[in-house]
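Numbering of the sequence shown is given in our numbering, commencing with residue 1 and proceeding in unit increments. By construction, the Cβ of each residue, glycine as well, lies at the ideal position given by its N, Cα and C atoms. This one's a predicted model, so the numbers in the text were calculated from it and none came from an experiment. Notes follow once the structure below has been shown.
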Amino acid sequence: MTLADLDDFTIEVPSWAYGNSGTRFKVFTTKGVPRNPYEKISDAAQVNKLTGLANRVSLHIPWDVVDDWSDLKAHADSLKIEIGAINSNLFQEDDYRLGSLCNPDPAIRRKAVDHHLACLDVMRQTGSTDIKIWLPDGLNYPGQDSLRGRQDRLADSLQQIYAAMDPDQRMLLEYKLFEPAFYSMDIPDWGTSLLHCLALGEQATVVLDTGHHAPGTNIEFIVMQLLRQNRLGAFDFNSRFYADDDLIVGAADPFQLFRIMSEIVAAGAHRPESKVNFMLDQCHNIEEKIPGQIRSVLNVEQALAKALLIDQAALATAQRDGDVLGANAVLMDAYETDVRAVLADRREARGLPRDPVAAFQLSGYAQTAATERAGGVQASWGA
Ligand code: PSV
Ligand code: MN
Ligand code: MN
């Protein structure tokens, strides 16, 4: 492997990262935040323009609903941005108090399935190929509902969505350990997600959100196992210190990110043919949003670059010889290599700024957005 493999590597950014976000205590607003999906895509285009790494944007429905999808696609096209995964939303309606795809009431389940059929239509109109499902369903109390019955309902609901998919569409099924339900989520882990995907068919794959595990979980093991089954559809990258913190990827544990990318490289899954979608799922509560996104994509690129530097032949020899310290040293050599200058050189050679964050600050984009977007209703993490 060489750093030339970085040429074809791309990262997908989330539309919601550009809106205001916060915690249940306070949402701090930022001047110049986008007021609609058009402006979110314009902001995302800045990240791509300055890094050359992020040519796709994920949308969330209904947060990013517009009147004319072909017009939104034309706007994205004009900025050389593609519409990435379409995220369904099952967590903001009163009807979903007892769940959506797993709800005991068949009428509510029908409504949740229909929402996905509408998302598949949005994909047809925008050129998106991935529908991403994060299921907020679960139970707060033992006995509240049948654990098994809910899995059966889930399988049935997912099958209805899957049956409506076109041959070129993929389902990305996310899992999450806890929250909003606290006793038991209905897709709490990768095993549950994978079992549903295997039952559905080859167009169903697992999404691994790096923030959705118990502390201490060996995430790179999960990456490796899903790759072995050809069912790692996508990442939702972010950092966690405690729970689903959605902080900048690589900020909390850059070594973990390197270990994840090492498994990716070992399987050749960084290449576009693998169809693994490297997405961010982050919010920028107090920091500037566009620079936050730039920093994030650079962190992922840096982790991949280090993983590409692993001397695979030396590693294989050390592993075969049972050279425990030698094998570990091969990995650590790659991790401890400072790749910042070489990545800046690569950017410069491709007509990109050596320091994309500094270039953004100098560009005046943030100041112009703050002036032009004044007075409008700013988008928040939700709408
Ligand atoms: C849920 O915590 C999640 O990770 C899902 O991917 C949602 O779509 C996203 O966060 C919303 O920010
Ligand atoms: Mn996520
Ligand atoms: Mn999350």
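Check each candidate in the options and name the one with the smallest Cα separation from residue i.
i	options	result
Cys119	Asn89, Arg231, Ala369	Asn89
Ser146	Val300, Ile294, Ala164, Tyr183	Tyr183
Leu208	Arg347, Ile260, Met165, Ala252	Ile260
Asn218	Phe258, Asp121, Ser193, Ile61	Phe258
Glu202	Met123, Ile86, Tyr162	Tyr162
Tyr38	Leu59, Leu98, Ser21	Leu59
Asn277	Ser128, Ser42, Asp105	Ser128
Pro14	Ile81, Asn103, Asp105	Ile81
His196	Arg231, Gly364, Gly322, Leu227	Arg231
Pro180	Val324, Ala107, Asp244, Cys283	Asp244
Trp190	Arg153, Leu352, Leu173	Leu173
His212	Phe178, Gln229, Ala234	Phe178
Asp130	Met171, Ala344, Phe91, Met165	Met171
Ala54	Ile41, Val65, Ile61	Ile41
Tyr18	Cys283, Arg346, Gly216	Cys283
Gln151	Asp67, Met185, Val122	Met185
Ala4	Tyr365, Asp323, Arg347	Arg347
Ser262	Asp246, Leu304, Glu273, Asp67	Leu304
Asn36	His75, Phe28, Leu6	His75
Phe122	Ala374, Asp71, Pro254	The question names Phe, yet the displayed sequence has Val at residue 122. Among Ala374, Asp71, Pro254, the Cα nearest to that of Val122 belongs to Asp71.
Pro106	Ser157, Asp64, Pro62, Leu79	Ser157
Met1	Gln169, Phe221, Val65, Leu309	Leu309
Gln84	Phe91, Gln92, Asp64	In the sequence on display, residue 84 carries Gly and not Gln. Per the Cα distances, Asp64.
Ala334	Gln319, Ala307, Pro353, Val342	Ala307
Ile86	Ala318, Met279, Glu336, Leu343	Met279
Gln169	Gly233, Pro272, Val66	Gly233
Asn103	Leu6, Met224, Ala155, Leu226	Ala155
How would you label residue i, buried or exposed, when you count the other beta carbons within 10 angstroms and need 16 or more for buried?
i	result
Gln125	exposed
Tyr141	exposed
Glu12	buried
Pro167	exposed
Gly442	Since the first residue of the chain shown is 1 and the last is 383, residue 442 is not available in this structure.
Val265	buried
Thr210	buried
Arg350	exposed
Lys73	buried
Ala269	buried
Leu325	exposed
Thr205	buried
Asp469	Only positions 1 to 383 of the chain appear in the structure, and residue 469 is not among them; the question remains open.
Gly292	buried
Asp94	exposed
Ala199	exposed
Val57	buried
Asp68	exposed
Leu139	buried
Asp345	exposed
Thr8	One detail in the question is off: residue 8 reads as Asp in this sequence, not Thr. Flag for Asp8 reads exposed.
Tyr175	buried
Ala369	buried
Gly149	exposed
Ser193	buried
Gly216	exposed
Ser78	exposed
Gly143	exposed
Gly364	exposed
Leu247	buried
Ala318	buried
Phe255	exposed
Arg295	buried
Are there any heavy atoms of ligand 4 lying less than 7 Å away from the beta-carbon of residue i, as far as the coordinates show?
i	result
Asp94	The ligand content of the structure shown is limited to ligand 1, ligand 2 and ligand 3, which means ligand 4 is not among them.
Between the segment 40-51 and the segment 303-322, are three or more C-beta pairs nearer than 8 Å?
no
For ligand 1, which residues count as neighbours when the test is a C-beta closer than 6 Å to any heavy atom?
Trp16, Asn87, Trp134, Glu174, Lys176, Asp209, Asp236, Asp244, Asp281
Any chance the segment 23-37 sits against the segment 293-305, with 3 or more Cβ pairs inside 8 Å?
no
Alpha helix (DSSP H) segments (min. 4 residues) lying fully within the segment 163-235:
190-200, 219-228
Does the segment 50-63 come close enough to the segment 349-368 to have 3 or more Cβ pairs within less than 8 Å?
yes
With contact counted as at least three CB pairs below 8 Å, one residue from each stretch, are the segment 284-294 and the segment 326-336 in contact?
no
Indicate whether the contact test is met: 3 or more Cβ pairs, each with one atom in the segment 96-110 and one in the segment 121-137, closer than 8 Å.
yes
Inter-stretch contact (C-beta, 8 Å, three-pair minimum) for the segment 104-120 and the segment 147-162
yes
Taking only runs of the alpha helix (DSSP H) that begin and end inside the segment 313-340, which ones reach a length of at least 4 residues, in chain order?
324-335
Output the residue ranges of the alpha helix (DSSP H) runs that lie fully inside the segment 62-147 and measure 4 residues or longer, sorted by chain position.
69-78, 106-126
3-residue-minimum beta strand (DSSP E) runs that sit fully inside the segment 247-293, ordered along the chain
277-280
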